[in-house]
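K.L.:
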Amino acid sequence: MPTAGDTDLDLPSLALLWAARETGLLEALVHGAGGASEAADAAGVMERAATIVVDTLVDLEFLRRVGDAVEPTNRALGLLATRDLRSIGGVPTALDRFDAYAALPRTMESGVPPIESDPEARIRHRLGAAEAVDDATVAATVDAALAANPDADRALVIADGPGRHARALADRGLDATLLEGASVAAAVEPLLERTPVTLRTGSLAGVASRFDLVLAVDAAWRQSADENRFTTLAMANALAPGGAAVCVEPLRDRSSAAVAVAAAALATGSGQPYPESTVRTWFADAGLEAVATSEVPDTPYQAIAGRRPDDTSGV
Numbered sequence: 298m299p300t301a302g303d304t305d306l307d308l309p310s311l312a313l314l315w316a317a318r319e320t321g322l323l324e325a326l327v328h329g330a331g332g333a334s335e336a337a338d339a340a341g342v343m344e345r346a347a348t349i350v351v352d353t354l355v356d357l358e359f360l361r362r363v364g365d366a367v368e369p370t371n372r373a374l375g376l377l378a379t380r381d382l383r384s385i386g387g388v389p390t391a392l393d394r395f396d397a398y399a400a401l402p403r404t405m406e407s408g409v410p411p412i413e414s415d416p417e418a419r420i421r422h423r424l425g426a427a428e429a430v431d432d433a434t435v436a437a438t439v440d441a442a443l444a445a446n447p448d449a450d451r452a453l454v455i456a457d458g459p460g461r462h463a464r465a466l467a468d469r470g471l472d473a474t475l476l477e478g479a480s481v482a483a484a485v486e487p488l489l490e491r492t493p494v495t496l497r498t499g500s501l502a503g504v505a506s507r508f509d510l511v512l513a514v515d516a517a518w519r520q521s522a523d524e525n526r527f528t529t530l531a532m533a534n535a536l537a538p539g540g541a542a543v544c545v546e547p548l549r550d551r552s553s554a555a556v557a558v559a560a561a562a563l564a565t566g567s568g569q570p571y572p573e574s575t576v577r578t579w580f581a582d583a584g585l586e587a588v589a590t591s592e593v594p595d596t597p598y599q600a601i602a603g604r605r606p607d608d609t610s611g612v
């Protein structure tokens, strides 16, 4: 958040890196020994293409020259392995996103994104990109959430991947719980085992505890409207009386990221950026009151917040 996959690479650099990955040239360069000629032979591409790719990856600091050969730099760590989410960064998931964009015409015809060859790696790439979001963005997001209930003691963060926002809330002194799916939880557990964050798996609808703050970040645009109505109601039901539910999203009619998010949603699955009025309706239908929208400073995102009434025991 903002959109996972953002990097400092411009479009031509990203396209070249993606082509190198798709042809096997990138694998040959970062795992093999030698230079452009040896990598070209291993990948079955023209030596001219390999030479241009090598020159570019050296300029981008993914490779460095060692005599007539090249070797990967620290920036290439995320291209070499995905076991440590802290080493992945945003580039692998940006390449995955580029792959999805390349298949977009077929996805628009069928309504179904291409089957991923290595879905586990794609998940870890996405989690690595989320882990790499800068601290200032995370802090601004948490500030916006806490503004909805400054007196919150217990917080539930849903679908937070590596738990950046859950950890930030814990650092602010809250009793923070992260709710994730089982496969994601298994991947992020090593990051959380030395933190005060409680990691839980299962359905939001099955949460029995009550929280002062329930936060979802970068989630609604990935889901259909029906899924979001269900999620918002479940968020409301997980609140203690007087507690606040907060969604931090790129709203279609307010966010500068709306076009990029729309393309990502179309290329990778269901969902779309939703207008403010639609999200506010979900909140109202879930029984939440005092629904308000605010900007998340220095990001293209907005925070939509609503409170559970004090005088009821259920929503």
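Numbering (my numbering), first residue to last: 298 to 612.
Idealized CB from N, CA, C, for every residue including glycine.
1) Determine, using beta-carbon pairs with one atom in the segment 367-375 and one in the segment 525-536, whether at least three such pairs fall under 8 Å.
2) Strictly under 8 Å for the Cβ-Cβ distance: is Glu490 near chain B by that measure?
3) Are the CB atoms of His462 and Val439 within a distance shorter than 8 Å?
4) Hey, Thr498 and Gly478 are a contact pair by Cβ (cut 8 Å); roughly how many whole angstroms apart?
5) Spatial neighbours of Pro597 within its chain, please: C-beta separation below 7 Å, excluding the five flanking residues on both sides.
6) Taking just the CA atoms, how far does Asp338 sit from Ala346?
7) Taking the beta carbon of Val363 as the centre, do at least 16 other beta carbons fall within 10 Å, making it buried, or is it exposed?
8) Quick check on the DSSP output: the beta strand (DSSP E) that includes Thr578 runs from which residue to which?
9) Hey, could you find the ends of the alpha helix (DSSP H) Pro416 is sitting in?
10) Closest to Glu486 by C-alpha separation, out of Arg421, Ala449, Cys544 and Asp396, would be which residue?
11) Taking C-beta to C-beta, are Ala312 and Ala325 nearer than 8 Å?
12) Is Val409 near the ligand HEM, judged by its Cβ being under 7 Å from some heavy atom?
13) Asp515 and Val545 - do their beta-carbons sit closer together than 8 Å?
14) Check this for me: beta carbons of Pro410 and Gly566, under 8 Å apart or not?
15) Classify Glu344: buried if its beta carbon has 16 or more other beta carbons within 10 angstroms, exposed otherwise.
16) Can you tell me whether DSSP reads Ala442 as helix, strand or coil?
17) With Thr565 as the anchor, note down where its beta strand (DSSP E) starts and where it stops.
18) Just how far apart, CA to CA, sit Trp315 and Ala397?
19) Find the nearest neighbour of Ala561 within the set Glu358, Arg464 and Leu392, judged by alpha-carbon distance.
20) Verify whether the separation of the beta carbon atoms of Val342 and Thr370 is less than 8 Å.
P.N.:
Inspection of the coordinates gives the following:
1) no
2) The chain labelled as chain B is not found in the depicted structure, where only one protein chain is given.
3) yes
4) 7 Å
5) Pro299, Pro547, Ser552, Ser553 and Ala554
6) 11 Å
7) exposed
8) Not the beta strand (DSSP E): Thr578 falls in the alpha helix (DSSP H), residues Glu573 to Asp582.
9) Pro416 to Glu428
10) Arg421
11) no
12) Of the ligands one can find in the structure shown there are none, so the ligand HEM has no counterpart to examine.
13) yes
14) yes
15) exposed
16) helix
17) Taken as a continuous stretch (DSSP letters only), Thr565 belongs to no beta strand (DSSP E), being part of the alpha helix (DSSP H) at Ala555 to Thr565.
18) 11 Å
19) Leu392
20) no
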